[in-house]
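Mapped onto numbering that gives the first Met the number 0, the consecutive letters of the sequence shown carry residue numbers 0 to 719.
Each residue gets a CB set at the ideal place from its N, CA and C atoms; glycine is no exception.
In this text, all values refer to a predicted model and were calculated from it rather than measured experimentally.
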Amino acid sequence: MIALLSVVPIIVTGIAGALGVFILLISSTRKIDKVQISFGCAAIAVMLYGISTTELYNSSTLIEANVSQRMQIASIVLFILSFFYFVIHYLNVAFWKKYFWVWIILAILAIIPQIFIYHPLIWNINKSNFHLINFFGNMQIINESVPGIITQITFGLGVISFLIITVLVIQEFHGQKNKFKHPLFLSTLIIFIAIINDTLVGIGIIKSIYTLEVGFLIVIALVAFLLSRNILDAIATKEALETVNLALQVHKEELEKTISERTHAYQAQAEYFRALVDNNPIATVTLDNNQRILSVNPAFEELFGYSQEEALSQDLDTLIASEDQIIEAKNLTEKVLNNLRISDKGIRKQKDGRQVQVEIFGVPVIVNNQKVGVLGLYRNISDQIKAEKILQESEMRYRSLFEDSPISLWEEDFSAIKFEIDRFKSMGVKNFHEFFSTNQDIVLRLMEKIKVINVNQATIRLFKASSKEDLFNHIHSIILPESVPTNGEIYASLAEGEYQCIGEIHHKDFLGNHIFTVLRLSIAPGYEETWGKVFVSIIDITERKNNESYLEYLSTHDQLTGVANRSLLYDRLNHALAHAKRDQTMVAVFFLDLDGYKTINDLFGHLVGDQLLIQIANRLSANMREADTVARFGGDEFILVLENINSIEAVKPITEKILKSIAEPYRNNGNLCQVTTSIGISIYPMDGTTTEELINKADTAMYRAKQLGKNQYKFFSLRS
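What follows is the structure in structure tokens.
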């Protein structure tokens with residue numbers, strides 16, 4: 000079986016030796032390549048290791064085994080030295096390249112004892128180190144000498160050395176996604192794992208075959224593949240250089256041909272630039288250093304009315320500048336003659352005497368660092384000036400309408416909102432009405448991104464600001480939380496393609512007063528893609544809202560006392576019954592009828608009677624909880640609704656408090672009045688489950704209280 004174990008190192012020996020010799024032969028025929036030479040030495044070291052391993056597996060005595068072991072250690076040292084040299088030159092690690100001589104000395108000191116010194120400190124050949132090797136399920140014995148302390152130190156230093164190599168390689172490939180596909184990274188890890196495996200086998204921790212020769216074989220194959228790519232690249236580079244040399248020869252011939260053709264090219268180029276000038280729609284003129292015209296293009300002839308022949312050799316400024324413009328024109332020309340570029344606007348005259356507004360450009364013409372003349376350009380801007388004047392007048396009219404409008408007008412920039420909405424669309428938001436209704440905080444952030452460009456005086460008056468600057472500096476103070484949902488609806492409409500929106504917005508002025516407004520918003524024409532300009536009008540509807548609120552109040556409250564009327568009473572009682580049914584609680588309904596009110600009304604008059612009803616309503620409200628209801632049922636009758644009652648006993652103290660409060664004297668217009676009240680009480684659910692049923696039974700209980708002497712209360716459900 001030992002002979003069978005020798006198959007692997009024999010294979011390693013053959014392959015490694017062949018590769019090593021091949022690489023060294025290639026290197027000897029070319030310029031010295033340190034990377035290739037170090038790899039060849041590493042391959043030879045692997046071959047020696049394979050030979051020594053084969054001899055070890057087939058040795059019959061400890062002496063034979065020890066010779067093989069010494070050769071193994073020397074081969075490993077040679078391999079680590081060669082592979083380390085290969086790595087630092089392949090990765091170009093300057094530090095280790097500088098101090099590699101230290102490693103050479105250490106390697107020599109490690110190899111010499113293995114070859115020449117026979118001492119127990121090196122190898123103890125008198126002791127046998129038996130290993131059980133698991134080879135494909137069969138346990139085999141390998142007989143080896145015991146390494147001495149120096150050999151153990153040598154092997155330990157070898158492990159540390161290769162650990163340094165491994166760290167260098169890992170650092171080089173750190174962060175690279177495909178590092179496990181690189182031959183150098185992969186081969187280094189394989190050798191390191193193989194060294195660890197053989198160390199564990201050697202000290203008996205695991206029972207397996209030595210895998211270092213297999214690791215060596217894989218490394219040699221991977222590095223050979225790596226170098227083959229470099230060799231192929233070098234061959235490709237050589238071929239590329241030969242191709243470049245050939246191309247240079249061809250280029251030389253073409254250059255000679257090009258030189259002969261360059262004169263014709265210059266002529267064609269001159270014609271090209273002449274055509275550019277002639278076909279330029281802007282009037283173009285060239286002058287010499289004496290301000291004399293050298294050439295004009297057709298656009299110049301058309302603008303000023305002079306032909307090429309008429310303009311040639313003329314003084315430009317005298318030709319096209321009127322008497323009142325001649326000094327200004329000559330100053331501009333003089334600047335260009337002094338190597339300055341000019342850009343200006345002015346008035347020039349045409350051949351027939353008419354004046355034309357032009358934009359003037361002038362540049363010096365410099366050839367070989369010498370100024371040879373001037374190039375002048377004249378663009379007719381008469382129509383542009385007229386259009387700008389019309390636009391300016393239109394802008395002034397708009398500003399006048401804007402500033403003088405009695406309606407609050409705003410000019411705003413919504414481009415930041417447009418940017419955010421486009422971002423939400425890219426995130427997949429489809430229904431912006433639903434999105435903004437459930438994300439009020441986002442709406443508030445969008446409101447803060449609005450940039451106010453301008454407002455009119457009506458806006459300053461509406462919000463009680465001292466100036467535009469005051470409004471701009473405190474713009475967020477006029478925004479109320481109640482306005483967020485409506486603003487969200489407006490932004491949603493804009494996001495879904497609308498260019499005009501309307502909504503009721505709740506604001507606050509600088510004095511703290513609440514303002515109800517109608518806001519109309521429209522994106523300015525031409526800004527549909529950016530929302531960079533948005534017009535907003537705000538109409539104050541506070542008075543209308545207040546009138547609506549007052550009318551709503553009158554429809555639900557008693558006009559004399561201000562407490563709830565029958566309509567509001569029935570509505571609140573229905574709600575109270577629904578809550579009581581849901582929460583399993585009770586509701587108490589009090590029916591109050593004043594005792595002696597008619598006498599006071601007849602004695603002191605209706606005015607005193609009305610004042611008395613108001614005072615009684617106030618006393619009732621003062622003795623009730625905020626959630627309870629006080630309602631005037633008609634005449635001198637009141638109904639109270641007490642919610643969330645847990646027991647009948649809880650009602651009695653409240654009732655007695657009301658009787659006592661009503662019975663206290665009243666003073667109206669100097670008259671001292673006193674009344675009492677009779678109270679009937681019905682309880683939900685024991686006395687009824689509907690509004691009418693509870694009111695009727697409370698009314699019945701009230702009449703029983705009156706029959707029993709007034710100024711008292713009776714429960715409908717308690718007959719005694």
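Burial state of residue i, where buried means 16 or more other Cβ atoms lie within 10 Å
| i | result |
| --- | --- |
| Asp316 | buried |
| Ala577 | exposed |
| Lys237 | Unreliable placement is indicated for Lys237, whose pLDDT of 49 sits below 50; no coordinate value is reported for it. |
| Gly155 | exposed |
| Ala233 | Confidence in Ala233 is poor, its pLDDT being 46 and thus under 50, which makes the residue's placement unreliable; the coordinate value appears in the next sentence. It is exposed - the Cβ of Ala233 has fewer than 16 other Cβ atoms within 10 Å. |
| Tyr712 | buried |
| Lys344 | exposed |
| Leu231 | Confidence at Leu231 is low in this model, with a pLDDT of 46, below 50, so its placement is unreliable and the value that follows should be read with caution. Classification of Leu231: exposed, given that the 10 Å Cβ count is below 16. |
| Met70 | buried |
| Val588 | buried |
| Thr689 | exposed |
| Leu275 | exposed |
| Ile449 | buried |
| Pro280 | exposed |
| Leu707 | exposed |
| Phe714 | buried |
| Gln35 | buried |
| Tyr271 | exposed |
| Ile72 | buried |
| Lys256 | exposed |
| Leu162 | exposed |
| Val366 | exposed |
Residue of the options minimising C-alpha distance to residue i
| i | options | result |
| --- | --- | --- |
| Phe172 | Tyr89, Glu143, Ile124 | Tyr89 |
| Glu495 | Phe423, Leu611, Ile441 | Phe423 |
| Arg460 | Ile501, Phe435, Pro405, Ile504 | Pro405 |
| Val535 | Ile384, Glu547, Ile501 | Ile501 |
| Val355 | Lys385, Val335, Arg340 | Lys385 |
| Ile538 | Glu488, Thr458, Glu387 | Thr458 |
| Ile50 | Cys40, Lys334, Gln68 | Gln68 |
| Ser407 | Arg543, Leu619, Ala464 | Ala464 |
| Val629 | Leu591, His506, Glu655, Leu336 | Leu591 |
| Ile346 | Val442, Ser381, Thr332 | Ser381 |
| Thr675 | Asp686, Asn337, Ile661, Leu567 | Ile661 |
| Pro484 | His505, Met46, Ile477 | His505 |
| Ile514 | Asn57, Trp100, Ile107, Phe462 | Phe462 |
| Glu648 | Glu481, Ser716, Gly687, His118 | Ser716 |
| Ile149 | Glu625, Ile441, Tyr117 | Tyr117 |
| Leu619 | Asn512, Leu707, Leu120, Ile653 | Ile653 |
| Ala748 | Lys597, Phe603, Gly595, Ile657 | Outside the modelled stretch of the chain, which goes from 0 to 719, sits residue 748, for which no answer is possible. |
| Ile489 | Leu641, Ile194, Phe434 | Phe434 |
| Gln307 | Gln290, Leu336, Asp277 | Asp277 |
| Leu510 | Ser321, Ile477, Asp440, Glu270 | Ile477 |
Own chain residues within Cβ distance below 7 Å of residue i, not counting five before or after
| i | result |
| --- | --- |
| Leu311 | Ile292 |
| Lys350 | Phe303, Gly304, Tyr305 |
| Phe471 | Val451 |
| Ile644 | Thr584, Met585, Val586, Ala587, Val650 |
| Phe164 | At residue 164 the sequence reads Ile, which differs from the Phe that was named. Only Phe82, Phe83, Val86, Thr187 meet the Cβ criterion. |
| Leu331 | Ile341, Asp343, Ile359, Gly361 |
| Asn438 | none |
| Lys709 | Asp594, Thr675, Ser677 |
| Asn668 | Val607 |
8 Å Cβ shell around residue i - same chain, five flanking residues per side excluded
| i | result |
| --- | --- |
| Gln499 | Arg519, Leu520, Ser521, Ile522 |
| Asn453 | Phe401, Trp409, Glu410, Lys467 |
Below-7 Å beta-carbon distance, residue i vs any chain D residue
| i | result |
| --- | --- |
| Ile452 | In summary, chain D is missing from the structure at hand, where a single protein chain is found. |
Own chain, CB closer than 6 Å to residue i, minus 5 neighbours either side, in chain order
| i | result |
| --- | --- |
| Arg631 | Asp557, Thr560, Val562, Phe637 |
| Ile420 | Ala494 |
Integer Cβ distance of residue i from residue j, believed to fall under 8 Å
| i | j | result |
| --- | --- | --- |
| Pro664 | Cys672 | 7 Å |
| Asp720 | Leu612 | Since the first and last residues shown for the chain are 0 and 719, residue 720 lies out of range. |
| His475 | Glu447 | 7 Å |
| Val373 | Leu286 | 4 Å |
Does the contact criterion of 3 or more C-beta pairs under 8 Å hold for the stretch 299 to 309 versus the stretch 321 to 340? The stretch 299 to 309 makes no contact with the stretch 321 to 340, as fewer than three CB pairs between them are under 8 Å.
Is the stretch 428 to 437 touching the stretch 400 to 407 in the sense that three or more CB pairs, one from each, lie closer than 8 Å? The stretch 400 to 407 vs the stretch 428 to 437: no contact.
Does the stretch 411 to 421 come within contact of the stretch 307 to 321, defined as at least 3 CB pairs closer than 8 Å? Counting Cβ pairs under 8 Å, fewer than three are found: no touch.
Tell me, please, whether the stretch 672 to 685 touches the stretch 700 to 715 by the rule of three or more beta-carbon pairs shorter than 8 Å. yes
For the stretch 549 to 567 against the stretch 579 to 592, do three or more pairs of beta-carbon atoms, one drawn from each stretch, fall closer than 8 Å, so that the two count as touching? no
Could you say if the stretch 373 to 386 and the stretch 351 to 364 meet the contact criterion of at least three C-beta pairs nearer than 8 Å? yes
Would you call the stretch 112 to 120 and the stretch 83 to 100 touching, i.e. three or more CB-CB distances under 8 Å? Taking 8 Å as the limit for Cβ pairs, the verdict is that the stretch 83 to 100 does not touch the stretch 112 to 120.
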